[in-house]
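What follows is a set of notes on a single structure, which appears directly below.
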Amino acid sequence: MLEIADLHKRYGQEEVLEGVDLTMDRGDVTVLVGPSGSGKSTMLRCVNRLAEFERGTITLDGTDTSALDVDELRRQVGMVFQDFNLFAHLTALDNVALGPRRVLGQSTEDAEARAHEQLEQVGLGDQTESYPGELSGGQKQRVGIARALAMEPKLLLFDEPTSALDPELIGEVLRVMRELADRDTTMLVVTHEMEFARSVASELLFLEDGVIVERGPPEQLFEEPTERRTTEFLGRLTNLDGREP
């Protein structure tokens, strides 16, 4: 589904990614963890070309993404942002239906039917006519997930989807993400929610200073990490994370 090879990304003189490699199969949930500034979010932005990279290749379903039109790439790769990115003047229904209408060329009737279906899926079937300003942070994020799903992407990217939420709202977003994983949705996730990572991830990657320090099944990295920095980082976050996803 996704292959990243020798990915390098620089901002000015700072090399943010230094030769990152990643392979994902259909249905995988790969979780990226690491300290701030380690290159996790930059990696996601390179996948859907919100950021261009200096060296390396990213291949989606056998096609080099650099050969794809950006709009075509983003039809296939959905992204859920940490700050929601909803249109404040549109209802939840219209936020979700907009992409299928404008990008996929669906009729208003078909796009709205699809939007209703996706909002029901994330538990917001009763909020279709609500505007973002009338929704909680958790509800806004679930609208963002519904909006990404409405485009029927091959791959979903999540960039710290719970970081802007109050603690009591985090669980409702993680619950939706768990349900997506149970339906074999292919997801590449940046998060600091360690219990979620441990229970849902197919593979866990620990990044620091633009390189993958350690990777493997989550139980391996949590129980028997081979690198000292992995032990320190995961141990500290696990001790701080008392929330239930």
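First residue of the sequence shown: 2, per our numbering; consecutive thereafter. Where a beta carbon is used, it is the ideal one built from N, C-alpha and C, also for glycine.
Residue i, buried or exposed, once every other Cβ within 10 Å from all chains shown has been counted against 16
| i | result |
| --- | --- |
| residue 72 | exposed |
| residue 101 | buried |
| residue 88 | exposed |
| residue 1 | Since the first and last residues shown for the chain are 2 and 246, residue 1 lies out of range. |
| residue 219 | buried |
| residue 162 | buried |
| residue 1 | Nothing about residue 1 can be reported from this structure: the residues present for the chain run from 2 to 246 only. |
| residue 98 | buried |
| residue 184 | exposed |
| residue 168 | exposed |
| residue 229 | exposed |
| residue 112 | buried |
| residue 194 | buried |
Limits of the unbroken beta strand (DSSP E) element including residue i
| i | result |
| --- | --- |
| residue 19 | 15-25 |
| residue 9 | 3-12 |
| residue 159 | 156-160 |
| residue 79 | 78-81 |
| residue 207 | 204-209 |
| residue 56 | 56-61 |
| residue 180 | Segment 168-183 is the alpha helix (DSSP H) holding residue 180; no beta strand (DSSP E) there. |
| residue 217 | 212-217 |
| residue 94 | Counting along the chain, residue 94 falls outside any beta strand (DSSP E), though it belongs to the alpha helix (DSSP H) covering 93-103. |
Spatially closest choice to residue i from the options, by CA coordinates
| i | options | result |
| --- | --- | --- |
| residue 23 | 216, 235, 222 | 216 |
| residue 37 | 223, 207, 229, 82 | 207 |
| residue 160 | 2, 13, 86, 63 | 86 |
| residue 4 | 137, 223, 66 | 66 |
| residue 15 | 210, 222, 228 | 210 |
| residue 124 | 233, 235, 172 | 172 |
| residue 17 | 221, 152, 213, 114 | 213 |
| residue 58 | 27, 21, 30 | 21 |
| residue 32 | 221, 191, 227, 137 | 191 |
| residue 94 | 116, 109, 105, 138 | 116 |
| residue 121 | 146, 53, 19 | 146 |
| residue 25 | 233, 186, 194 | 186 |
Residues of its chain near residue i, where Cβ-Cβ distance is below 7 Å and the 5 sequence neighbours each way are ignored
| i | result |
| --- | --- |
| residue 92 | 129, 130, 131, 132 |
| residue 74 | 49, 50, 66 |
| residue 56 | 7, 9 |
| residue 28 | 185, 187 |
First through last residue of the alpha helix (DSSP H) which encompasses residue i
| i | result |
| --- | --- |
| residue 109 | 109-122 |
| residue 195 | 195-201 |
| residue 43 | 41-48 |
| residue 33 | Careful: residue 33 lies outside any alpha helix (DSSP H), inside the beta strand (DSSP E) at 30-34. |
Contact belief for residue i with residue j at Cβ below 8 Å, rounded distance in angstroms
| i | j | result |
| --- | --- | --- |
| residue 201 | residue 237 | So it is not a contact: roughly 21 Å between Cβ atoms. |
| residue 77 | residue 189 | Not a contact, Cβ separation roughly 13 Å. |
| residue 45 | residue 158 | 5 Å |
| residue 143 | residue 177 | 6 Å |
| residue 119 | residue 150 | 5 Å |
| residue 63 | residue 154 | With 8 Å as the limit, residue 63 and residue 154 do not qualify as a contact, their Cβ atoms being about 16 Å apart. |
6 Å CB neighbourhood of residue i in its chain, flanking five on each side removed
| i | result |
| --- | --- |
| residue 199 | 219, 223 |
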